[in-house]
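Asks: I have a structure I would like to understand better, so I am pasting it below and will then ask my questions one at a time.
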Amino acid sequence: MQKSVVLRISIQILVDRSTLRGRAHLFLLPVTIDWLFISQSGEFPGATQSYWFSSIALVRTKSAARLHLQSATTMATTPALVLLPEWGSGHLMSMLETCKRVLLSGRKAFSITLLVVRPPTAEATSEVEAHVRREAASGLDIRFHRLPAVEPPADAVGVEEFIARYLSLHAPHVRDAVAAMACPVAALVLDLFASPLVGVARDLGVPSYVFMSSTGAMLALMLHLPVLHEAVTVEFEELEGDVHVPGLPPMPPASMICPVVDKKSPNYTWFVRLGDRFMDATGIIANTAEGLEPGPLEAVAESRCVPGRPAPPVYPVGPVLSLGDRSPSHECVAWLDAQPPASVVFLCFGSMGWFDPPQVAEITAALERCGHRFLWVLRGPPSSETGAGAPDGSEHPTDADLDLILPEGFLERTKGKGMVWPTWAPQKDILAHAAVGGFVTHGGWNSVLESLWHGVPMAPWPLYAEQHLNAFELVADMGVAVPLKVDRKRDNFVEATELERALRSLMTGGDEEGRRAREKAEEMKAVCREAVAEGGSSQAALQRLAEALRSGAVIPKG
Ligand SMILES: COc1cc(-c2[o+]c3cc(O)cc([O-])c3cc2O[C@@H]2O[C@H](CO)[C@H](O)[C@H](O)[C@H]2O)cc(OC)c1O
Ligand SMILES: O=c1ccn([C@@H]2O[C@H](COP(=O)(O)OP(=O)(O)O)[C@@H](O)[C@H]2O)c(=O)[nH]1
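Take 1 as the starting number for the sequence shown in the numbering used here and just add one per residue.
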């Protein structure tokens, strides 16, 4: 049996540095340690300071106790969270911001090492580089480790297949990077597209956490996909009746996420695999809050998604809204300053949403007919539209040429009542503005969280990724949005009459759906803020997570 003693004193540690760097001299490293668990061999089972050694002797001096560490495998740094995000800003920044909260909640008991994958496009590369520059200057203990370049899969036919395969090809480099860490590793934190790399963590004896940048509902669905794969043998759209996802109301097949709508596609196979590998993670960190999505989160916690197999613990630590540059004096914000409270409908469609002229014509007709004030972020097609397109699906829209794309006279007729903004807009500042009363959104999860943070009701207009599922949840489960009929078979086309109806409902709250959406959005605003406040559920989840990470920190094997 290993004996251990507990010491609560201020001490100095004497480290035999020869065992560290091959230099044969002793040096004194003064540190203050509150609680020190000392075992006769092996490592500290729960020390808050990261000093790891194989044998020790306690030496008393006149005024202080000293520890003499012999044959030490001492690492004079705090345990690291090693992050492997997908390169897209929504994924990378959301994971990094969340892990920064872990770092700060643990009173800087961790450091962060972000493994940087070379993005497959020049545009994504410059975005990532800008993030790296900004974060490197943040003053926090964040390091960046660039992984060696890997040849992107040239034969990938789908976006999700491409992302998952490209990340998986980095497995040997991730393994080498983690194994070479000069400090204990608290966890390898993986993007949802990188869940197969839980195997790398397992081989190194390191805990692995999947970071869920989307909803708890998406998490429940992904865990349940392997079960659905066995149970539903036809395409989802051929299914008679609804799809049953644990924790959600029965869902029409038309609300399934994009990657699984064609089961013959490798995207589908990859998503089933990704969901399956979630189950092997040590834990799942989710950018949501218990009170926002109680149904799906309880279903996961009660292991109802994969009956008979206990699911990893989930830590809902959100909402984590990534803090970009604030633009309080932006032209859009200045325009909002002149509008009455809750009078403006804001329309914005994420980092990849854009519309073609026929759809633009329907939107302009709806806006003119409903007569509400509006702020509309209108983007044009990506410049790659006529070319091959980005392999990761991250084709960014271009700035719209308003003279070309808007019907003649629209801007004059709506002058004073509406503003069309043709480029990137400061969405967070806009949603924070008192003049905004409703949000027509593509339903990306970050946009939804930003809207709920400010209590703004929504009309979701899903376009890509998992947004059809998000739209269903917002309307049918959370009740914070009014429904909008999109024709998925016609590239998510929305008729002017349908948009006009939804806008009236959203902005006047004149019907039952609109009234409920307003009330519920206001309720969810409180839920969001309480969750992250002192004593809130997300704060508690953050503490549990930090504790699990602290106690799980290990020196990687190999
Ligand atoms: C969450 O489920 C899916 C996410 C994506 C996806 O892929 C993607 C690829 C890139 O190269 C760059 C990106 O920015 C990007 C973004 C993206 O999803 C967005 O993630 C957000 C969360 O951080 C949010 O949930 C938005 O709704 C998503 O649009 C793709 C996908 O299948 C195509 C998913 O199922
Ligand atoms: O003109 C724009 C469009 C988007 N965003 C921000 O981009 C992010 C979009 O993330 P989301 O998850 O909603 O969707 P995605 O773009 O990843 O599909 C959110 O933080 C938005 O605030 C923005 O600031 N201005």
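We treat Cβ as the ideally placed atom computed from N, Cα and C, and that holds for glycine.
Hey, which unbroken runs of the alpha helix (DSSP H) at 4 residues or more fall wholly within the segment 106-140?
Replies: 122-136
Asks: So T441 and C370 are in contact, right, with Cβ under 8 Å, and what is the actual spacing, rounded?
Replies: Separation of the CB atoms of T441 and C370 is rounded to 17 Å, and the pair is thereby denied contact status at 8 Å.
Asks: Taking the beta carbon of W424 as the centre, do at least 16 other beta carbons fall within 10 Å, making it buried, or is it exposed?
Replies: exposed
Asks: For the structure I just gave you, are there three or more beta carbon pairs, one from the segment 222-235 and one from the segment 274-289, closer than 8 Å?
Replies: yes
Asks: When DSSP builds the beta bridges, which residues end up paired with R373?
Replies: Paired residues: V344.
Asks: Exposed or buried, V157, counting other C-beta atoms within 10 Å across all chains shown (16 or more means buried)?
Replies: exposed
Asks: Considering only C-alpha positions, which residue in the set L81, L449 and D487 is nearest to V480?
Replies: L449
Asks: Note down, in chain order, each residue of its chain lying with its Cβ closer than 7 Å to the Cβ of R504, except the 5 sequence neighbours on either side.
Replies: C370 and G510
Asks: If you draw a straight line from the alpha carbon of R529 to that of G216, how long is it in whole angstroms?
Replies: 18 Å
Asks: Only counting the same chain, and skipping five residues up and downstream in sequence, which positions put a Cβ closer than 7 Å to that of E298?
Replies: G247
Asks: Is I163 close to ligand 1? I mean its beta-carbon at under 7 Å from any heavy atom of the ligand.
Replies: yes
Asks: Which word fits D191, buried or exposed, when buried means at least 16 other C-beta atoms lie within 10 angstroms of its C-beta?
Replies: buried
Asks: Thinking K525 and M478 are a contact (beta carbons under 8 Å), I'd like their distance in whole angstroms, please.
Replies: Going by Cβ atoms, the distance from K525 to M478 rounds to 12 Å, so no, they are not a contact pair.
Asks: Does any heavy atom of ligand 1 sit closer than 7 Å to the C-beta of P422?
Replies: Outside the cutoff, so no.
Asks: Regarding G393 and ligand 2, is the C-beta to nearest heavy atom distance less than 7 Å?
Replies: no
Asks: Which value, in whole angstroms, describes the spacing of the CA atoms of P85 and T414?
Replies: 43 Å
Asks: Quick check: does the Cβ of M218 come within less than 7 Å of any heavy atom belonging to ligand 1?
Replies: Yes, since a heavy atom of ligand 1 falls inside the 7 Å radius drawn around the Cβ of M218.
Asks: Counting along the chain, where does the alpha helix (DSSP H) carrying T508 start and finish?
Replies: A496 to T508
Asks: Chain C beta carbons: is any one of them nearer than 8 Å to that of T441?
Replies: Protein chain content of the structure displayed is limited to a single chain, and chain C is not contained in it.
Asks: So G418 is in the alpha helix (DSSP H); what residue range does that whole segment cover?
Replies: It is not in any alpha helix (DSSP H) - G418 instead sits in the beta strand (DSSP E) that spans G418 to W421.
Asks: Can you give the beta carbon distance from F282 to P312, rounded, assuming they're within the 8 Å contact cut?
Replies: Position check: residue 282 holds Thr in this sequence, whereas Phe was assumed. Indeed they touch by this definition, with Cβ atoms about 6 Å apart.
Asks: Tell me whether K489, by its Cβ, gets closer than 7 Å to a heavy atom of ligand 2.
Replies: no
Asks: Am I right that F162 and P153 are in contact with their C-beta atoms under 8 Å? What's the rounded C-beta distance?
Replies: Their Cβ separation, rounded to whole angstroms, is 6 Å, which keeps F162 and P153 in contact under 8 Å.
Asks: For ligand 2, is there a heavy atom less than 7 Å away from the beta-carbon of P316?
Replies: no
Asks: Hey, could you find the ends of the alpha helix (DSSP H) G460 is sitting in?
Replies: A quick correction: the sequence has Pro, not Gly, at residue 460. No alpha helix (DSSP H) holds P460; the beta strand (DSSP E) holding it covers M458 to P460.
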